[in-house]
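Our numbering numbers the first residue of the sequence shown as 3 and each following residue consecutively.
Reviewing the structure listed below.
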Amino acid sequence: MNLSPQKLIDYCSLIFQKIGVPQEHSFIMAEALVEADLLGIKTHGVSRLNFYVEHIHNGTINSTPNFKVIRENLAVCVIDADKAMGPVVGDYAIKKVLEKAKKTGVGIALVRNSSHLGALSVTAKKAIKEKMIGVVISNTSPIMAPYGGGEAVLGNNPISFAVPTDDFPYILDMALSVTARGNIILAAREGKSIPEGWAVNKNGEPTTNAEEALLGAVLPLAEHKGYALAFMFDVLCGVLSGAAYGKNVGSFVPPDYSKPLDMGHFVMALDIEKFQPYEEYLRRLKDFASQIKTSKKAKGFDEIFIPGERSYQRYCENLKKGIFLPPQTLKMLRELSERYQIPFFEQ
3 MNLSPQKLID YCSLIFQKIG VPQEHSFIMA EALVEADLLG IKTHGVSRLN
53 FYVEHIHNGT INSTPNFKVI RENLAVCVID ADKAMGPVVG DYAIKKVLEK
103 AKKTGVGIAL VRNSSHLGAL SVTAKKAIKE KMIGVVISNT SPIMAPYGGG
153 EAVLGNNPIS FAVPTDDFPY ILDMALSVTA RGNIILAARE GKSIPEGWAV
203 NKNGEPTTNA EEALLGAVLP LAEHKGYALA FMFDVLCGVL SGAAYGKNVG
253 SFVPPDYSKP LDMGHFVMAL DIEKFQPYEE YLRRLKDFAS QIKTSKKAKG
303 FDEIFIPGER SYQRYCENLK KGIFLPPQTL KMLRELSERY QIPFFEQ
């Protein structure tokens, strides 16, 4: 079933308001979930609505957080999120760093005591409207083994870059595991095997059994390179911010909703005008992108894409046709409708 993005935003916002989330925060959350679906990032879209709901019910996420700036100067700040929903404090943090970047050229916020930030590009993209470059990094629940390791001791710690252009936005949004854990969950639900090299079982042995993989760990992207980046990202997001790190980070996904999440984020904005005239930047960027797009293609490839190009195409298509939600997500939404006495829409 394809559903109207705006109706989905209104619906998700109502659910959040029913469980005590302020209206402003409810809309930020609803828009973050729906935008992830519009971009084709299904693992961080509306399908995760019930995760936030359960965490709020269990007290591991605070529906009415009071953000506190712990340390601050002209260019940087440290924010205690008070167990807020990630996209809500992400919105607060990006606004803080944008204001700082307007004055100094760069603004950086480290966030502690937060929760899952969702699709990082949703937060990073907010810098584009101010003609700035946005960079967002987060640590996550420990689901990944280090290179050479056999147990999950660190997150797949994603990163997003958002770069303004005079065309579609150039965006990177990626995690550092060879695959998203959500893909393994999906394979387990469908009784399918997973490719070799995705995961190890609880004994640290390679496995293609999805159920065994969920009890073990996913493997890092590009082996030692992905592991090293994930380690360094946790230094920024966990160690330096004052948040939890490594095995200390709580689990966002079921079945365990009891442990405090205490996730950490790194949010940065760069004011292009402080480095060079914006029009000059656009000219140089356009030339660079043209070099990539017109370069020789490898055998079997019809086109070379700029980072963010395909997600922008999906965004435009989903905006026009509506967002497709699979049966299991629709079932979850109907259950929430019954639970909170909100009419469920079919179109």
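Even glycine gets a Cβ: it sits at the ideal position worked out from N, Cα and C.
Being a predicted model, the structure only gives us computed values, none of them experimental.
For Ile81, I'd like the list of residues in its chain whose CB is within less than 8 Å of its CB, leaving aside the five on either flank, ordered along the chain.
-> The residue given as residue 81 occupies position 79 in the sequence shown. For Ile81, where only same-chain residues beyond five positions count, the Cβ hits under 8 Å are Phe69, Lys70, Val71, Ile72, Val91, Tyr94, Ala95, Lys98, Ala111, Leu112, Val113, Arg114.
Which one or two residues does DSSP pair with Glu74 in a beta bridge?
-> Position 72 of the sequence shown, counted from the first residue, corresponds to residue 74. Per DSSP, Cys79.
For Val220, which residues does DSSP report across the bridge?
-> Position 218 of the sequence shown, counting from 1, holds the residue named residue 220. Answer is Met146, Ala201, bridged to Val220.
Residues bridged to Arg114 (per DSSP) | Counting from one through the sequence shown, the residue named residue 114 turns up at place 112. Bridge partners of Arg114: Asp82.
C-beta contact flag for Ser15 and Ser6 at 7 Å = Mapped onto the sequence shown, residue 15 falls at position 13. Mapped onto the sequence shown, residue 6 falls at position 4. Result no, Cβ atoms of Ser15 and Ser6 do not sit closer than 7 Å.
Euclidean distance between Cα positions of Glu214 and Val202 | Along the sequence shown, one-based indexing puts residue 214 at 212. Along the sequence shown, one-based indexing puts residue 202 at 200. When rounded, the distance between both Cα atoms is 8 Å.
What residue range is occupied by the uninterrupted beta strand (DSSP E) comprising Phe163?
-> Numbered from its first residue, the sequence shown carries residue 163 at position 161. Note, Phe163: beta strand (DSSP E), 161-165.
Taking only the alpha-carbon atoms, compute the straight-line gap between Ile58 and Asp168 and give it to the nearest angstrom.
-> The count along the sequence shown starts at 1 and reaches residue 58 at position 56. The count along the sequence shown starts at 1 and reaches residue 168 at position 166. Distance between the alpha carbons of Ile58 and Asp168 is about 40 Å.
Give a yes or no on contact between the segment 249-261 and the segment 171-178, applying the rule of three or more CB pairs nearer than 8 Å.
-> no
List the residues that DSSP assigns as beta-bridge partners of Thr209.
-> For the purposes of this step, residue 209 is identified with residue 207 of the sequence shown, where counting begins at 1. Partner(s): Ala201.
Distance, Glu207 Cα to Gln349 Cα | Residue mapping note: residue 349 aligns to position 347 of the sequence shown, counting from 1. Residue mapping note: residue 207 aligns to position 205 of the sequence shown, counting from 1. Residue placement at Gln349 cannot be trusted, given a pLDDT of 42 that sits under 50; what the coordinates show is reported in the next sentence. Rounded to the nearest angstrom, the two C-alpha atoms are 46 Å apart.
Check whether the Cβ atoms of Glu26 and Tyr149 sit closer than 7 Å, and answer yes or no.
-> The sequence position of residue 26 within the sequence shown is 24, counting from 1. The sequence position of residue 149 within the sequence shown is 147, counting from 1. No. Outside cutoff.
Assign Thr331 to buried or exposed, taking buried as 16 or more other Cβ atoms, counted over all protein chains shown, within 10 Å of its Cβ.
-> Within the sequence shown, residue 331 is the residue found at index 329, counting from 1. Buried: at least 16 other Cβ atoms inside 10 Å.
For Ala271 versus Met134, is the C-beta spacing smaller than 7 Å?
-> The count along the sequence shown starts at 1 and reaches residue 271 at position 269. The count along the sequence shown starts at 1 and reaches residue 134 at position 132. Result yes, Cβ atoms of Ala271 and Met134 sit closer than 7 Å.
Consult DSSP for Tyr13 and reduce its assignment to one of helix, strand or coil.
-> The sequence position of residue 13 within the sequence shown is 11, counting from 1. It is helical.
Where do the N-terminal and C-terminal ends of the alpha helix (DSSP H) with Leu321 fall, by residue?
-> If you number the sequence shown from 1, residue 321 lands on position 319. Segment 311-323, the alpha helix (DSSP H) holding Leu321.
Buried versus exposed, by CB contacts within 10 Å (16 or more), Lys44 | The sequence position of residue 44 within the sequence shown is 42, counting from 1. Looking at its Cβ environment, which holds 16 or more other Cβ atoms inside 10 Å, Lys44 is buried.
Can you check DSSP and say which residues form a bridge with Phe326?
-> For the purposes of this step, residue 326 is taken as residue 324 along the sequence shown, with counting starting at 1. Phe326 pairs with Asn4.
Paired residues, beta bridge with Phe268 - DSSP | Indexing the sequence shown from 1 puts residue 268 at position 266. Phe268 pairs with Leu112, Ile139.
Met334 by DSSP, collapsed to three states: which one?
-> By 1-based counting over the sequence shown, the position of residue 334 is 332. Of the three classes helix, strand and coil, the one that applies to Met334 here is helix, per DSSP.
Ser143 vs Val251 beta-carbon contact at 7 Å = The sequence position of residue 143 within the sequence shown is 141, counting from 1. The sequence position of residue 251 within the sequence shown is 249, counting from 1. Yes, Cβ-Cβ distance for Ser143 and Val251 is below 7 Å.
According to the Cβ coordinates, are Ala126 and Val108 closer than 7 Å?
-> For this step, residue 126 is matched to residue 124 along the sequence shown. For this step, residue 108 is matched to residue 106 along the sequence shown. No, the Cβ-Cβ distance between Ala126 and Val108 is not below 7 Å.
May I ask you to report which of helix, strand or coil DSSP gives Gln349?
-> The residue you call residue 349 lines up with position 347 of the sequence shown. With a pLDDT of only 42 at Gln349, under 50, the local geometry of the prediction cannot be trusted, and no value is derived from it.
Provide the residue span of the beta strand (DSSP E) that contains Tyr172, from first to last.
-> Within the sequence shown, numbered from 1, the residue matching residue 172 stands at position 170. It spans 172-176 - the beta strand (DSSP E) in which Tyr172 sits, taken as one unbroken run.
For Ser140 versus Cys239, is the C-beta spacing smaller than 7 Å?
-> In the sequence shown, residue 140 corresponds to position 138, counting from 1. In the sequence shown, residue 239 corresponds to position 237, counting from 1. Yes, the Cβ-Cβ distance between Ser140 and Cys239 is below 7 Å.
Do the segment 187-201 and the segment 149-162 make contact, defined as three or more Cβ pairs closer than 8 Å?
-> no
Nearest to Val48 by alpha carbon, out of Ala182, Phe347, Pro328?
-> Translated into the one-based positions of the sequence shown, residue 48 becomes position 46. Minimum Cα distance to Val48 is reached at Pro328.
For Ser123 and Arg312, the rounded distance between their alpha carbons = Reading the sequence shown from its first residue, position 310 is the one you call residue 312. Reading the sequence shown from its first residue, position 121 is the one you call residue 123. If I take the Cα positions, the gap works out to 14 Å.
Tyr13 burial status per 10 Å Cβ neighbour count (16 or more: buried) = Here residue 13 corresponds to residue number 11 of the sequence shown, with the count starting at 1. Its Cβ being crowded by 16 or more others within 10 Å, Tyr13 is buried.
With 16 other CB atoms within 10 Å as the buried threshold, where does Phe346 fall?
-> The count along the sequence shown starts at 1 and reaches residue 346 at position 344. Classification for Phe346: exposed.
Across which residues does DSSP place Asp168 in a beta bridge pair?
-> What you label residue 168 is simply residue 166 of the sequence shown in a count that begins at 1. BP columns for Asp168 are empty, so no partner.
Taking only the alpha-carbon atoms, compute the straight-line gap between Ala189 and Asn75 and give it to the nearest angstrom.
-> For the purposes of this step, residue 189 is taken as the residue at position 187 of the sequence shown. For the purposes of this step, residue 75 is taken as the residue at position 73 of the sequence shown. Their Cα atoms are separated by approximately 47 Å.
Pick out whichever of Ala232, Gly22, Glu37, Glu340 has its Cα sitting closest to the Cα of Lys9.
-> Along the sequence shown, read from residue 1 onward, the residue named residue 9 stands at position 7. Among Ala232, Gly22, Glu37, Glu340, the Cα nearest to that of Lys9 is on Glu37.
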